[in-house]
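Just so we're aligned, residue 0 is where the sequence shown starts under numbering that gives the first Met the number 0, counting upward by one.
Every residue gets a Cβ at the ideal spot worked out from N, C-alpha and C, and that includes glycine.
Inspection log for the structure reproduced underneath, given as structure tokens.
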Amino acid sequence: MNSNNDLGAEIRLRAALQAARDADARYGLCTPASTHAWQIVDDIYSASPRSRQVEDNVKKALGREESIWSLFERGFERVYAM
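If you want it as structure tokens, here you go:
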């Protein structure tokens, strides 16, 4: 991995996090502006080298090829389906 790319991804992620927190404070939690801002954070993080490294480590630890995020989402859906 290129450390310049990693640094750029980290800077973009930090800026997006701050913007999302600002949207929460200004417009309120779960408003369209807040939701949109947090979706941007999710998109930047999921494309980052750190996210891929976490995903690879979790797959190794669990011995699965399935994405940890899909497991999380299925669990989340089960909780709200009750």
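Going by other Cβ atoms of all chains shown within 10 Å of its Cβ, with 16 needed for buried, is residue i buried or exposed?
i	result
Ala22	buried
Ser33	buried
Ala36	buried
For residue i, I'd like the list of residues in its chain whose CB is within less than 7 angstroms of its CB, leaving aside the five on either flank, ordered along the chain.
i	result
Asn83	Any property of residue 83 remains undetermined from this structure, which presents the chain solely from 0 to 81.
Quick one: residues in its chain with C-beta nearer than 6 angstroms to the C-beta of residue i, no 5 flanking neighbours on either side, listed in chain order?
i	result
Ile43	Arg11, Leu12, Ala15
Residues in the same chain with beta-carbon distance under 8 angstroms from residue i, minus the five sequence neighbours each way, listed in chain order, please.
i	result
Ala8	Ile43, Ala46, Ser47, Pro48, Arg49
Met0	For Met0, the predicted model reports a pLDDT of 47, less than 50, meaning its position is unreliable and no value from the coordinates is stated.
Taking only three categories from DSSP, how would you classify residue i?
i	result
Thr30	coil
Gly7	helix
Ser69	helix
Ala46	coil
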